[in-house]
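Q: Numbering-wise (the numbering used here), the sequence shown opens with residue 2 and increments by one. Idealized CB from N, CA, C, for every residue including glycine.
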Amino acid sequence: MILVGLTGGVATGKSTVAKMFKQCGAIVIDADELAHEVVQPGKPAWREIVNTFGKTALNADRTLNRRELGAVVFRNQTKRRRLERIIHPRVAREQTRLTKQAARKDPHAVVIYDVPLLFEAGIDKRVDRTIVVTANRETQIARLKIRNGLSRANAIRRIRSQMPLSKKIRLADIVIDGTRSRQDTVKAIRATYHDLLQQA
């Protein structure tokens, strides 16, 4: 089995690339999905977040108001770190469990761990290979404005809250351009998947 960390900047096309790997036959573990699961109402992480950030972090149905929480933590590094300390260890435990489960089912599986903070959180040390999906700054801003309804200033703030893409590219084993045509990207993913399969 080979465990591959997949990351990129915000709005570079990482989720699209993850779907393409899944279509090739890879097992994809999505860190954002795991993060959603560990903060369900009543769970320990949820209680810790409410105690730390207050009831304003909640929607009427007691689920986390992710937009509100995002607005708070992207403006304040200390608060962002506090939130990460609550969520990350729980997500890591769940990812380890799912990876072991995948290895038991198929000892030659290609497991893609789709995780935004791969390098920032030191997760790159727990994977066998790293893939970074890139896009230029203007593409990221345009996508964030459409996808998240952010203003240009907020989009830039969101981009700057992450490690610069140029640094991620230097740290990556494999780089995929998230601005190429769908056809070209599919071709690149198939070739990459084939190589990873050989290594698994």
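Just checking, does the stretch 110-122 make contact with the stretch 2-10 on the three C-beta pairs under 8 Å criterion?
A: yes
Q: What do you reckon, are the CB atoms on Val92 and Leu7 nearer than 9 Å?
A: In the sequence shown, the residue the question calls residue 92 occupies position 91. In the sequence shown, the residue the question calls residue 7 occupies position 6. Against a cut-off of 9 Å, the Cβ pair of Leu7 and Val92 comes out as no contact.
Q: What is the DSSP secondary structure of Leu145, counted as helix, strand or coil?
A: Position 144 of the sequence shown holds residue 145. The answer is helix: DSSP assigns Leu145 an H, G or I state.
Q: Taking the C-alpha atoms as reference points, what is the distance between Phe22 and Ile170?
A: As a first step, residue 22 must be located in the sequence shown, where it is residue number 21. As a first step, residue 170 must be located in the sequence shown, where it is residue number 169. Going from the Cα of Phe22 to the Cα of Ile170 covers about 20 Å.
Q: In the DSSP assignment, find the unbroken beta strand (DSSP E) run with Arg68 in it and report its ends.
A: By one-based count along the sequence shown, residue 68 stands at place 67. Here Arg68 belongs to no beta strand (DSSP E); instead the alpha helix (DSSP H) covers 67-74.
Q: Can you give me the Cβ contacts of Thr64 inside the same chain, cut-off strictly under 7 Å, excluding the 5 residues immediately before and after it?
A: Along the sequence shown, one-based indexing puts residue 64 at 63. Shown here for Thr64: same chain residues with a beta carbon closer than 7 Å to its own, the five before and five after excluded, namely Pro42 in chain order.
Q: Per the DSSP calculation, Thr8 is bridged to which residue(s)?
A: One-based indexing of the sequence shown puts residue 8 at position 7. Paired residue(s): Val133.
Q: Which word fits Asp115, buried or exposed, when buried means at least 16 other C-beta atoms lie within 10 angstroms of its C-beta?
A: As a working note, residue 115 is residue 114 in the sequence shown. Classification of Asp115: buried, given that the 10 Å Cβ count is 16 or more.
Q: Using alpha carbons as the reference points, say which of Thr53, Asp62, Pro90, Gln96 lies closest to Thr79.
A: The sequence position of residue 79 within the sequence shown is 78, counting from 1. Of Thr53, Asp62, Pro90, Gln96, the residue nearest in Cα terms is Thr53.
Q: Judging by CA-CA distance, which residue of Arg138, Gln163, Asn149 is the nearest neighbour of Gly179?
A: Against the sequence shown, residue 179 aligns to sequence position 178. Closest by alpha carbon: Arg138.
Q: Between the alpha carbons of Val18 and Gln199, how many angstroms are there, rounded?
A: Here the question's residue 18 lines up with position 17 in the sequence shown. Here the question's residue 199 lines up with position 198 in the sequence shown. Approximately 20 Å between the Cα atoms of the pair.
Q: Rounded to the nearest angstrom, how far is the Cβ of Ile175 from that of Arg130, given a contact under 8 Å?
A: Looking up residue 175 in the sequence shown gives position 174. Looking up residue 130 in the sequence shown gives position 129. Sure, about 7 Å apart at Cβ, within 8 Å.
Q: Decide if Arg68 is buried, meaning its Cβ has at least 16 other Cβ atoms within 10 Å, or exposed.
A: Translated into positions along the sequence shown, residue 68 becomes position 67. Classification of Arg68: exposed, given that the 10 Å Cβ count is below 16.
Q: Using a 10 Å radius around the Cβ and a threshold of 16 neighbouring Cβ atoms, would you call Gln184 buried or exposed?
A: If you number the sequence shown from 1, residue 184 lands on position 183. Under this definition Gln184 is an exposed residue.
Q: Under DSSP, the beta strand (DSSP E) around Val29 begins and ends at which residues?
A: In the sequence shown, the residue the question calls residue 29 occupies position 28. Residues 28-31.
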